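Engineer: In this note's numbering, the protein residues as written are 455 to 800.
Questions regarding the structure given below will be posed in turn.
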Amino acid sequence: MKKSLAAALAAAGILAGVTAPAQAQTFDLQSVFGLNVPSIGPSPKLWAERVSLMTGGKVTINVHGAGDFVPPFEVFGAVSSGALQMGFDWIGYWAGQIPVANLVGSMPFGPEPDIALAWMFNGGGLEIIQKAYDPHGVVVLPCHLVGAEAGGWFNKEINTPDDIKGLNMRIAGLGGKAMAKLGANTQLVPAGEIFVSLETGRIDAAEFSAPQLDVGLGLQRVTKYYYFPGWHQPSSWDSIIINKAVWDGLGEQTQAIMKEACHANIAYNLRDQVNAQAAAIKTIREAGVEVRRFPDEVLAALKTASDEVLAEEATKDPIFAEALASLRAYMDGVGEWARLQALPRD
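So, in structure tokens, the structure goes:
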């Protein structure tokens, strides 16, 4: 199937640019998200625009939305095989092929965005992660740093850990495994199906992202409670993934430009996220949803379950274990500065 897909795309001109670089190059990128989704939707288009600007128009990247060439959850495989030249993802979607992607995509009680950013580019994180992508022939460019998510949307109150037992919840990544340890029935529902799943009672709760993105799905119309903090994902990465043969054919200057365009993209999206959350939370409250924090007892139980999950996953994959040890050491090492600088808050 992958070979036939590659042939079809090649016939349509999708694979142009894999050979030696010409004066002008054109590539195609498919996102796992719809392009109209707030923040993450336009992100790859903004990156492509920066690449075009920084190359003086010599590199054009045509950005396509979810499903335009392959189903969203097949983007990684298509990029790996060469059927797609580039993709844009939430990195955690590929945990089945790359276990460490789960850690980078959703480390429960993990680093806040500033620490995640520093570890990725100054603490050796990217070098560790790329080792996991190499066997698949894929180059990963961290290109969109997602801030802390909400804890999720619920149609029942969560007052004690016992309230999680039997809960049918849409939750991705390692956080889902932690919830399962506390008795939840977890599942990964595609973003476009979350609203209907909550509305029909197929699920009792769901997490997706930060308020800015959540409100765009309309979940405030079909739930009663919106819980914080996003313990399961204090920060997360979306990335540009590029077929290795395509990457090798770009030339060093274009490669450097694509990396720098990602740095610019990260800065833009961080400020955009911070700016957008207050208005989103106001909209959610005005819809009649109660905005709450998880009780400390619940967070403590989730922390214990999360530590167990991380320890279990580290025994299964050496790169996951290496990244976990590296990230924890980095968080401890830079954490002193944050503690020394901490100011009293009202």
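Note that beta-carbon positions come from the ideal geometry of N, C-alpha and C, so glycine has one too.
Computed from a prediction, not measured in an experiment: that's the story for all the values here.
Given that a residue counts as buried once 16 or more other Cβ atoms are within 10 Å of its Cβ, and exposed if not, what is ALA476?
Structural biologist: The pLDDT assigned to ALA476 is 47, lower than 50, so where the model puts this residue is not dependable; a value taken from the coordinates is nonetheless given after this. Label assigned to ALA476: exposed.
Engineer: Give the straight-line distance between the Cα atoms of GLY541 and SER485, rounded to the nearest whole angstrom.
Structural biologist: Near 5 Å, if we compare the C-alpha coordinates of SER485 and GLY541.
Engineer: What are the partner residues of ARG624, as DSSP defines its beta bridges?
Structural biologist: DSSP output for ARG624 lists GLN641 and ALA660 as bridge partner(s).
Engineer: Below 8 Å on the Cβ atoms is my guess for ILE562 versus HIS717; work out the distance and round it to an integer in Å.
Structural biologist: It should be noted that the sequence gives Pro, not Ile, for residue 562. The pair is not a contact, with the Cβ atoms about 27 Å apart (cut-off 8 Å).
Engineer: By alpha-carbon positions, which one of PRO596, ALA570, PRO615 and ALA549 ends up nearest to ILE695?
Structural biologist: Taking only the C-alpha atoms, the option nearest ILE695 is PRO596.
Engineer: Per DSSP, what kind of secondary structure is PRO475 in: helix, strand or coil?
Structural biologist: Because PRO475 sits at a pLDDT of 42, beneath the cut-off of 50, its placement in the model cannot be relied upon, and the following sentence gives the value as read from the coordinates. Looking at PRO475 - three-state DSSP - the assignment turns out to be coil, as it is neither helix nor strand.
Engineer: Just the Cα atoms here: how many angstroms apart are ALA570 and TRP691?
Structural biologist: Approximately 9 Å between the Cα atoms of the pair.
Engineer: Mind checking whether ILE582 and GLU776 have CB atoms under 8 Å apart?
Structural biologist: A contact, by the Cβ cut-off of 8 Å.
Engineer: Taking the beta strand (DSSP E) that HIS598 belongs to, which residues open and close that run?
Structural biologist: Note, HIS598: beta strand (DSSP E), 592 to 600.
Engineer: Measuring CB to CB, does TYR681 end up less than 8 Å from ILE735?
Structural biologist: In this structure, ILE735 does not lie closer than 8 Å to TYR681 by Cβ.
Engineer: Cα-Cα, which of ASN490, GLY546, ARG793 and TRP501 is closest to ASP482?
Structural biologist: Residue TRP501 is the option with its Cα nearest to ASP482.
Engineer: For ALA397, collect the residues of the same chain with a Cβ closer than 8 Å to its Cβ; drop the 5 residues on either side in sequence, then sort them by chain order.
Structural biologist: In the structure as shown, the chain starts at 455 and stops at 800, and residue 397 therefore has no counterpart that could be examined.
Engineer: Just to confirm my understanding: we take GLN478, look at its own chain, exclude 5 residues before and 5 after, and list those with CB closer than 6 Å. What are they?
Structural biologist: Contrary to the premise, residue 478 reads as Ala rather than Gln in this sequence. Counting only Cβ-Cβ distances below 6 Å, and skipping sequence neighbours, we find LYS512.
Engineer: Whole angstroms are fine: how far does the CA of ALA741 sit from the CA of GLN675?
Structural biologist: The question names Gln, but residue 675 in the sequence shown is Arg. Roughly 7 Å between the two C-alpha positions.
Engineer: Rounded to whole angstroms, what's the CA-CA distance from GLY546 to ASN729? Just pull it up for me.
Structural biologist: Cα-Cα distance, rounded: 25 Å.
Engineer: List in chain order: all unbroken alpha helix (DSSP H) runs of 4+ residues lying wholly within the segment 541 to 574.
Structural biologist: As far as the segment 541 to 574 is concerned, its whole alpha helix (DSSP H) runs of at least 4 residues are 554 to 559.
Engineer: What number of angstroms, rounded off, separates the C-alpha of ARG838 from the C-alpha of GLY578?
Structural biologist: A query on residue 838 cannot be resolved here, the shown segment of the chain reaching from 455 to 800 and no further.
Engineer: Check the C-beta distance from ASN719 over to SER497 and give it rounded, since I have them as a contact under 8 Å.
Structural biologist: Right, the Cβ-Cβ distance comes to about 6 Å (below 8 Å), so this counts as a contact.
Engineer: First and last residue of the beta strand (DSSP E) that includes ASP692?
Structural biologist: Looking at the DSSP string, the run of the beta strand (DSSP E) that includes ASP692 is 690 to 697.
Engineer: Using the Cα positions of GLU503 and ASP616, report the straight-line distance between them to the nearest angstrom.
Structural biologist: The straight-line gap from Cα to Cα measures roughly 49 Å.
Engineer: For HIS518, does the three-state DSSP call read helix, strand or coil?
Structural biologist: Looking at HIS518 - three-state DSSP - the assignment turns out to be strand.
Engineer: Out of LYS713, ASP588, ALA759 and GLY705, which has the shortest C-alpha to C-alpha gap to VAL554?
Structural biologist: For VAL554, the nearest C-alpha among the options comes from ASP588.
Engineer: Could you spell out where the alpha helix (DSSP H) holding TRP607 opens and where it closes?
Structural biologist: Premise fails: TRP607 lies in the beta strand (DSSP E), 606 to 608, not in any alpha helix (DSSP H).
Engineer: Would you check if the distance between the CB atom of TRP548 and the CB atom of PHE530 is smaller than 8 Å?
Structural biologist: Going by C-beta atoms, TRP548 is nearer than 8 Å to PHE530.
Engineer: Please report the distance separating the alpha-carbon of MET508 from that of LYS713.
Structural biologist: If you take the alpha carbons of MET508 and LYS713, they lie about 11 Å apart.
Engineer: Just to confirm before moving on: does the CB-CB distance between ASP668 and LYS610 stay below 8 Å?
Structural biologist: Result no, Cβ atoms of ASP668 and LYS610 do not sit closer than 8 Å.
Engineer: Please tell me whether LYS698 and VAL593 are closer than 8 Å, where the distance is taken between their beta carbons.
Structural biologist: Closer than 8 Å, so yes.
Engineer: With a CB to CB cut of under 8 Å and the five nearest residues on each side skipped, what residues in its chain are close to LYS585?
Structural biologist: Around LYS585: ILE773.
Engineer: Using only CA atoms, which one of GLY627, ASN516, PHE523 and LEU671 lies nearest to ILE738?
Structural biologist: Ranking GLY627, ASN516, PHE523 and LEU671 by Cα distance to ILE738 puts LEU671 first.
Engineer: Give the single residue among ILE494, TYR679, THR514 and LEU557 whose Cα lies nearest to the Cα of THR708.
Structural biologist: Taking only the C-alpha atoms, the option nearest THR708 is THR514.
Engineer: Measure the C-alpha to C-alpha separation of ILE711 and ASP771 and round it to an integer number of angstroms.
Structural biologist: Each residue's alpha carbon lies about 33 Å from the other.
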